[in-house]
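Residue numbers (full-length UniProt numbering): 1 to 215.
The beta carbon of each residue, even a glycine, is placed where N, CA and C say it ideally should be.
What follows is one structure encoded as structure tokens, with my remarks underneath.
Put into structure tokens, the structure is as follows:
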């Protein structure tokens, strides 16, 4: 997990939990049709520390070719997560960057609850090159503050303030996918549609490099 802040919170933990997976994609690396859905639960306990936590995550992805045929694919993703009291600071969800909301720094937004969604259009130029246009939206909310050493709650705002869906961050951009012998390379450039913090100016666009499709 990537975050925007360095957290001085050292610990050892034991975690266990089930996951459910539903997968009908025709290709796991670069699908053109099908659905991929996951739901997971994790129960964690810190060793020599009173903190415990519960974490839930769901991730739904869908793909289908457009009327242009298999060379033009629409891809959709919706993901949600929530983690309970006692979660260490370093295990908070982070939003922003190549894997969630592009146009913002990696881990620009972090919290104990998250939501993000993406729409992508992928156009195959040839066997080597693919063009991508995307729109991302999401945020993470810290619905309560905690002492990182004890996990005790310091302050808890009301539910409306903690999950302000009016403050979802949005980004859009374009990208290239380059098929290579070592796998697909991903090059994206995203522009933010909102400032990272209220009252600030929007940042300029950001470049991202990674491997494989974004999802």
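Exercise for review: Please classify residue 168: does DSSP put it in a helix, a strand, or coil?
Suggested key: Counting from 1 along the chain shown, the entry for residue 168 is found at position 168. If DSSP states are grouped into helix, strand and coil, residue 168 belongs with coil.
Review point. DSSP three-state call for residue 90: helix, strand or coil?
Key: On the chain shown, residue 90 is found 90 positions in, with the first residue counted as 1. The answer is helix: DSSP assigns residue 90 an H, G or I state.
Exercise for review: Look up residue 200 in the DSSP assignment and say whether it is helix, strand or coil.
Suggested key: Residue mapping note: residue 200 aligns to position 200 of the chain shown, counting from 1. Coil, per DSSP.
Check your understanding: Per DSSP, what kind of secondary structure is residue 146 in: helix, strand or coil?
Key -> Here residue 146 corresponds to residue number 146 of the chain shown, with the count starting at 1. Unreliable positioning characterises residue 146 in this predicted model, as indicated by a pLDDT of 49, which lies under 50. The coordinate reading is nonetheless provided below. Residue state, collapsed to three classes: strand.
Check your understanding: Quick one, are the C-beta atoms of residue 111 and residue 140 less than 8 Å apart?
Key -> Within the chain shown, residue 111 is the residue found at index 111, counting from 1. Within the chain shown, residue 140 is the residue found at index 140, counting from 1. Cβ atoms of residue 111 and residue 140: closer than 8 Å.
Review point. What residue does the beta strand (DSSP E) around residue 68 start on, and which one ends it?
Key: Along the chain shown, one-based indexing puts residue 68 at 68. Taken as a continuous stretch (DSSP letters only), residue 68 belongs to no beta strand (DSSP E), as it is neither H nor E.
Review point. Is residue 198 buried or exposed, if buried means 16 or more other CB atoms sit within 10 Å of its CB?
Key: To locate residue 198, count along the chain shown from 1; it is residue 198. That one is exposed.
Review point. Should residue 43 and residue 59 be called a contact, given that it needs their Cβ atoms to be closer than 8 Å?
Key: By one-based count along the chain shown, residue 43 stands at place 43. By one-based count along the chain shown, residue 59 stands at place 59. Not closer than 8 Å, so no.
Exercise for review: Return the CA-CA distance between residue 194 and residue 115, expressed in angstroms with no decimal places.
Suggested key: Taking the first residue of the chain shown as position 1, residue 194 is located at position 194. Taking the first residue of the chain shown as position 1, residue 115 is located at position 115. Each residue's Cα considered, the two are about 16 Å apart.
Practice item. Please say whether residue 190 and residue 206 have beta carbons closer to each other than 8 Å? Key: Mapped onto the chain shown, residue 206 falls at position 206. Mapped onto the chain shown, residue 190 falls at position 190. A contact, by the Cβ cut-off of 8 Å.
**Study point:** Option in 131, 134, 117 with minimal Cα separation from residue 165
**Key:** Position 165 of the chain shown, counting from 1, holds the residue named residue 165. When each option's Cα is compared against that of residue 165, the closest is 117.
Exercise for review: Return the residue from the list 20, 210, 41 that minimises the CA-CA distance to residue 182.
Suggested key: Within the chain shown, the letter at position 182 stands for residue 182. Here the closest residue by C-alpha is 210.
Check your understanding: Taking the C-alpha atoms as reference points, what is the distance between residue 23 and residue 169?
Key -> The residue you call residue 23 lines up with position 23 of the chain shown. The residue you call residue 169 lines up with position 169 of the chain shown. C-alpha separation (whole angstroms): 29 Å.
Point to revise | Among 75, 113, 72, nearest to residue 82 - alpha-carbon criterion | key: Mapped onto the chain shown, residue 82 falls at position 82. Residue 82 has its Cα closest to that of 113, out of 75, 113, 72.
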